[in-house]
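Letter 76 of the sequence shown, counting from 1, is numbered 75 in numbering that gives the first Met the number 0, and no numbers are missing. Virtual Cβ for every residue (Gly too), placed ideally from N, Cα, C.
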Amino acid sequence: MKLSIFGTGYVGLVTGTCFAEMGNDVLCVDVDADKIAQLQAGEVPIFEPGLEAMVRSNSALNQLSFTTDIAQGVSHGEIIFIAVGTPSDEDGSADLKYVLSVAKSIGEHMQHEKVIVDKSTVPVGTADQVQHTIAQTLKARGVNLPFHVVSNPEFLKEGAAIADFMKPDRIVIGASSEHGARVMDQLYAPFNRNHDKVVHMDVRSAELTKYAANVMLATRISLMNELANLADRLDADIEAVRRGIGMDPRIGYHFIYAGTGYGGSCFPKDVKALIHTAAQVGYEAKIVRGVEAVNAAQKRVLFDKLSNHFNHKLEGRTFAMWGLAFKPNTDDMRDAPSQTLIELLTAAGAEVKAYDPEARDEARRLFEDKAAVTVCENRNDTLVDADGLIVVTEWNEFRSPDFAAIRETLNTPAIFDGRNLYDPDHMRQLGFAYYAIGRGDQAVEVS
């Protein structure tokens, strides 16, 4: 099938590449000429395991190509995916200007029947706006062409997006026409062979399903963080609690790890958008508001532990930071807890020496104007002349380091573990002042 993907960000590029992998003829369209040139050269501007190799192999087979030509993009695809960004506006709503701009371009250039798929995460009612925009643009041209708008939300985890797309647990299709539903069934047939994973529903329900999924997961994270903060005050261990509740099949183990709060491109934006959507229809989403408030507070919990440890005297001190991306296996630092921590530390007069396996370039871009932030090429360099180690992202290479070398190198043997990677008793036996999330903290006097 001939597909056009408008937008070569995370969702668009993964979607286009995976459809090409199944033999479809995919053209990815973007207005960013530099990004398109990079992709045409086989270079992927984001880090996602396995993606670059798949882009190169499918480009070599002429199953995947890239262009800035909007008219060509509209002409090429019998199915057109809209996968552009929907950033948060100042009021928390999803900004749909890029989505509706693509819709207008489709109306300006289409010459025959099309299926238009909203792949971006968009508020309920967006498909109606896309439908209206295309219809009005066609009317202005004086033509009457059939088209079908479908909602097909993505459920990709950064760091595991290829596997999520190639072996989905569900395929949600919201269609208002039989033709649109039938075409989408045909497109997804290769991903749906073992058992039926397709869930058909109306368009608005499909749009809400995406927000509901992300807010549900964000809620689990914030609830676990709230329980962890309570555990700290009750001298309980949240890791023991996690195992105790995770064994309940009604709860399970997914998304119940306490930490420094959620970040990334989805959860923060989607939580805000659902709060705004609820307000628009006169409903106060109290739980969702609570999820956002808990997460905002959680991003400074580790800083407060560190500040208390040093008697609130951080000026002139230096701290090693391991992990900058909001989660492992990505270079995405959008709304990452590391950003909040760095801002708090530098505002208090401290310096930060940070390392991340993949997000170093992004960190240098974000903090290029902050002289107090140094991005190191390896984790050991961060420890030199540092007064403590802060662990923010649970990359595998941080799970079992040489603790004797860490203790010998640090000016102060203190570890602030935002991901509960280490055993508190073991850390204290090794002579560390060890602070985690919800595991009880060891008070140490520091002059």
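Its chain contains L323, A324, D330, M332 as the residues whose beta carbon lies nearer than 6 Å to that of A358, once the 5 sequence neighbours on both sides are disregarded; these appear in chain order.
A straight line joining the alpha-carbon of N377 with that of E51 spans about 23 Å. Per DSSP, reduced to three states, the secondary structure at D24 is strand. Going by beta carbons, G260 and G251 fall outside the 8 Å limit. One alpha carbon belongs to D201, the other to T125, and they sit about 13 Å apart. Counting C-beta pairs closer than 8 Å gives fewer than three between the stretch 227-238 and the stretch 136-154, which falls short of the contact rule. Between L365 and L409 a beta carbon distance of about 26 Å is seen, past the 8 Å cut, so the two are scored as non-contacting. Taken atom to atom, the span from the alpha-carbon of Y282 to that of V240 is near 34 Å. The way I'd put it, the stretch 187-201 doesn't touch the stretch 399-413; fewer than three beta-carbon pairs between them come closer than 8 Å.
The three-state reading of DSSP puts A272 in helix, counting H, G and I together. Rounded to whole angstroms, the separation of the alpha carbons of S306 and G158 is 32 Å.
Counted as a single uninterrupted DSSP element, the beta strand (DSSP E) harbouring M320 occupies residues 317-321. In the DSSP assignment, S64 falls within the unbroken beta strand (DSSP E) covering 63-66. Cα atoms of T120 and R398: separation of roughly 34 Å, rounded to the nearest angstrom. Burial state of M426 is buried, judged by a 10 Å Cβ sphere holding 16 or more other Cβ atoms. Here K271 is near G91, since their CB atoms are less than 8 Å apart. L340: not part of any beta strand (DSSP E); member of the alpha helix (DSSP H) spanning 336-346, first to last residue. D416 has V390 as its beta-bridge partners, per DSSP. Within the stretch 129-209, the complete beta strand (DSSP E) runs of at least 3 residues fall at 146-150, 170-174, 197-200. Annotation for K369: I341, T345 place their beta carbon closer than 8 Å to its own, counting only its chain and skipping 5 residues before and after. For E238, the enclosing alpha helix (DSSP H) starts and ends at 237-245. Every beta strand (DSSP E) stretch that sits fully inside the stretch 39-94 and reaches 3 residues is listed by chain position as 63-66, 78-81. If you draw a 10 Å sphere on the C-beta of G41, you find fewer than 16 other C-beta atoms in it, and that means exposed. Scanning V83, Y354, N57 for the CA closest to the CA of E396 turns up Y354. Contact annotation: T16 and V73 have beta-carbon atoms that are not nearer than 8 Å. Checking the DSSP bridge columns, you'll see V351 partnered with F318, V372. For D380, there is no enclosing beta strand (DSSP E); the residue is part of the alpha helix (DSSP H) that begins and ends at 378-382. In the structure shown, the three-state DSSP call for F431 is coil.
Assigned with DSSP and collapsed to three states, V290 falls in helix. By the Cβ neighbour-count rule, Q110 is exposed, with fewer than 16 other Cβ atoms within 10 Å of its own. Only exposed fits R169, as fewer than 16 other CB atoms lie within 10 angstroms of its CB. Counting C-beta pairs closer than 8 Å gives fewer than three between the stretch 280-298 and the stretch 426-435, which falls short of the contact rule. The DSSP-derived three-state label of K103 is helix. For K1, the three-state secondary structure derived from DSSP is strand.
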